[in-house]
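Engineer:
Residue numbers (the UniProt record's numbering): 1 to 483.
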């Protein structure tokens, strides 16, 4: 990679670090409001170190003769996530007096909106630390949407070119107008966060709890201000969380299209209809099963099941009770739901619902071809032709997605974890869901007791899953480094 290209990447990374340093003033102000100055030094020193590093990269200047090519965006995306995590972990290490491994794990889990945690005692934790965790997830959520709009279409792994609105002024032109899309998306993201904060407050949360949960709900991140997660709050808060998690799981480009005049953009989108239909069907049947096999009233069973199902499918990670105690059938259902994910162009992770829909379209087309060998059968999805390039990219991503989970699970087993913990930890990391299954990392546990080697391996899984694997893997190919 040419030196001017590295300089411009460094310049942009410097801007990210300066932004991160400025963001650290939010927990500092929070500490001042709560009169908890004991943790102020941790954020102050972290901010100064981050600011100095950012300025060192920026002051060298931006090369006037360098332009980022599409291939350079993969390097920028991966390094920006890593560099930001390296510095964002500093306050957690200084406040909690934990190892840098634990701090980096918590930070990567936050900024990738995974929601896995190694921290306990959140109910009495520093308000600065709590708001910092939530802020990391909020920034990570909006950062991933920006990447999904501007970068992933180059690899066609995010499906964004399949799912652009067909309004007269939008169509397939998101890439050339990504700067305009980003402005709309940021405005919508901020607006949803503010509305969510008000809704949580009206549902009974304090303002501080409402702000934290609004940020982590719309980012489908899952960090809470309590060790008991959503079980610490009333039923009204649960329904607010369900709505916000669902909104965060929908394509934000369709929200943009809606406010730009295409009022039916969300309703007519096949991906959105598929996700909502799947959630309604699963929640109704699953809640009926829980009602029949427990002492819950049906409405309570519906609320508990809906929050947990939407949380897992949206890859948020909130928990309402320990659903692993419901029996083997429930455990298996939640394990399957771990892989689904929300829509392309949302803040959620996982395989994404459109890949399942495209796979079904290909299966139906293949079966029809067997019955009518000479027929010319068009493969269409959401009003678009499924050309070979799109099908190939979906198959490639799905293959490496599965292989990545398998290899990480194998590595965790080699480190010494039991197979349930190893497999579900790998799945929840790559899918960016949060809690796994079993007594150690299940909804009622956390990841603090895992060996350091396991935490670093899971951190890699979170990064790969958040950046949809191919964005990172392309960096290790010979073709990428060849001029």
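For glycine and all other residues, C-beta sits at the position ideal for the given N, C-alpha and C.
Note that the structure is predicted; figures quoted are calculated from it, not measured.
Can you give me the Cβ contacts of residue 316 inside the same chain, cut-off strictly under 6 Å, excluding the 5 residues immediately before and after it?
Structural biologist: Hits under 6 Å: 220, 222, 245.
Engineer: Fully enclosed by the region 210-284, which alpha helix (DSSP H) runs are 4 residues long or longer?
Structural biologist: The qualifying runs are 235-248, 252-259, 265-268.
Engineer: Once you ignore the five residues that flank residue 441 on each side, which residues in its own chain have a CB closer than 8 Å to its CB?
Structural biologist: Same-chain partners within the cutoff: 116, 421, 424, 425, 428, 435, 447, 450.
Engineer: Counting pairs of Cβ atoms below 8 Å between the region 344-355 and the region 248-265, do you hit three or more?
Structural biologist: Yes: at least three Cβ pairs fall under 8 Å.
Engineer: Alpha carbon to alpha carbon, what distance is there between residue 135 and residue 226?
Structural biologist: Residue 226 and residue 135: Cα-Cα distance of roughly 16 Å.
Engineer: Okay, do the region 120-139 and the region 14-27 touch, 3+ Cβ pairs below 8 Å being the bar?
Structural biologist: Yes: at least three Cβ pairs fall under 8 Å.
Engineer: May I ask you to list the residues that DSSP assigns as paired with residue 381?
Structural biologist: Per DSSP, 384.
Engineer: Among 261, 339, 390, which residue has its Cα nearest to the Cα of residue 358?
Structural biologist: Answer by Cα proximity: 390.
Engineer: Under a Cβ-count criterion, where at least 16 other Cβ atoms within 10 Å of its own Cβ denotes burial, should residue 311 be classed as buried or exposed?
Structural biologist: It counts as buried.
Engineer: Is it the case that the Cβ atoms of residue 265 and residue 236 are separated by a distance below 7 Å?
Structural biologist: No, they are not a contact pair.
Engineer: Considering only the alpha carbon of each residue, which of 39, 73, 120 lies closest to residue 91?
Structural biologist: It is 39 whose Cα lies nearest to the Cα of residue 91.
Engineer: Considering only the alpha carbon of each residue, which of 370, 338, 4, 6 lies closest to residue 318?
Structural biologist: Selected option, being the one with the closest Cα: 338.
Engineer: Excluding sequence positions up to five away, which residues of its chain have a Cβ less than 7 Å from the Cβ of residue 159?
Structural biologist: At residue 159 the pLDDT is 47, less than 50, meaning the model places this residue with poor confidence; the figure from the coordinates comes in the next sentence. Taken in chain order, the residues that qualify are 344, 352, 354.
Engineer: Which residues bound the alpha helix (DSSP H) around residue 368?
Structural biologist: Per DSSP, residue 368 belongs to the alpha helix (DSSP H) from 353-371.
Engineer: Give every residue of the same chain whose Cβ lies closer than 6 Å to the Cβ of residue 302, excluding the five residues on either side of it in the sequence, and list them in chain order.
Structural biologist: Correct list, in chain order: 287.
Engineer: Which of the three DSSP states, helix, strand or coil, is assigned to residue 162?
Structural biologist: Confidence in residue 162 is poor, its pLDDT being 45 and thus under 50, which makes the residue's placement too unreliable to answer from.
Engineer: Whole angstroms is fine: what's the gap from residue 2's alpha carbon to residue 75's?
Structural biologist: Roughly 13 Å between the two C-alpha positions.
Engineer: Could you check what DSSP says for residue 118 in three-state terms: helix, strand or coil?
Structural biologist: Looking at residue 118 - three-state DSSP - the assignment turns out to be coil, as it is neither helix nor strand.
Engineer: Am I right that residue 397 and residue 470 are in contact with their C-beta atoms under 8 Å? What's the rounded C-beta distance?
Structural biologist: Correct: roughly 6 Å between the Cβ atoms.
Engineer: Distance check for residue 231 and residue 213, CA to CA, integer angstroms please.
Structural biologist: When rounded, the distance between both Cα atoms is 13 Å.
Engineer: Grab me the residues of residue 104's own chain with a C-beta within less than 6 Å of its C-beta, minus the 5 sequence neighbours each way, in chain order.
Structural biologist: So the qualifying residues of the chain are 89.
Engineer: Need the endpoints of the alpha helix (DSSP H) that residue 334 sits in, please.
Structural biologist: Looking at the DSSP string, the run of the alpha helix (DSSP H) that includes residue 334 is 328-337.
Engineer: Beta-carbon within less than 7 Å of residue 43's beta-carbon, same chain only, minus the 5 sequence neighbours each way: which residues are those?
Structural biologist: Same-chain partners within the cutoff: 24, 27, 28, 91, 128.
Engineer: Smallest Cα separation from residue 6: which of 72, 35, 46?
Structural biologist: Nearest C-alpha to residue 6: 72.
Engineer: Using the Cβ count rule (16 or more neighbours within 10 Å means buried), how would you classify residue 207?
Structural biologist: Result: exposed.
Engineer: My output table needs one value for residue 403: the three-state DSSP class, helix, strand or coil.
Structural biologist: In this structure, residue 403 counts as helix in the three-state DSSP scheme.
Engineer: If you run the structure through DSSP and keep just helix, strand and coil, what is residue 433?
Structural biologist: Coil.
Engineer: Looking at the structure shown, is residue 375 part of a helix, part of a strand, or coil, going by DSSP?
Structural biologist: Looking at residue 375 - three-state DSSP - the assignment turns out to be coil, as it is neither helix nor strand.
Engineer: Name the two residues that bound the continuous alpha helix (DSSP H) containing residue 105.
Structural biologist: It spans 100-111 - the alpha helix (DSSP H) in which residue 105 sits, taken as one unbroken run.
Engineer: Assuming residue 141 and residue 218 form a contact by the criterion Cβ under 8 Å, report the distance between their Cβ atoms to the nearest whole angstrom.
Structural biologist: Contact holds; Cβ gap of about 7 Å.
Engineer: Confirm, please, whether the CB-CB distance from residue 454 to residue 408 is below 7 Å.
Structural biologist: No, Cβ-Cβ distance for residue 408 and residue 454 is not below 7 Å.
Engineer: Are residue 361 and residue 336 touching if we call contact CB-CB under 7 Å?
Structural biologist: Against a cut-off of 7 Å, the Cβ pair of residue 336 and residue 361 comes out as no contact.
Engineer: Could you check how far apart the C-beta atoms of residue 78 and residue 430 are, in whole angstroms? I think they sit under 8 Å.
Structural biologist: At roughly 16 Å, the Cβ-Cβ gap does not stay under 8 Å, so residue 78 and residue 430 are not in contact.
Engineer: So the candidates are 215, 283, 184; which of them puts its Cα closest to the Cα of residue 330?
Structural biologist: That would be 283, whose Cα lies nearest to the Cα of residue 330.
Engineer: With the cut-off set at 7 Å, would you say residue 58 and residue 13 are in Cβ contact?
Structural biologist: Their beta carbons are not under 7 Å apart, which means residue 58 does not touch residue 13 by this criterion.
Engineer: For residue 3, name the three-state secondary structure that DSSP assigns.
Structural biologist: In this structure, residue 3 counts as helix in the three-state DSSP scheme.
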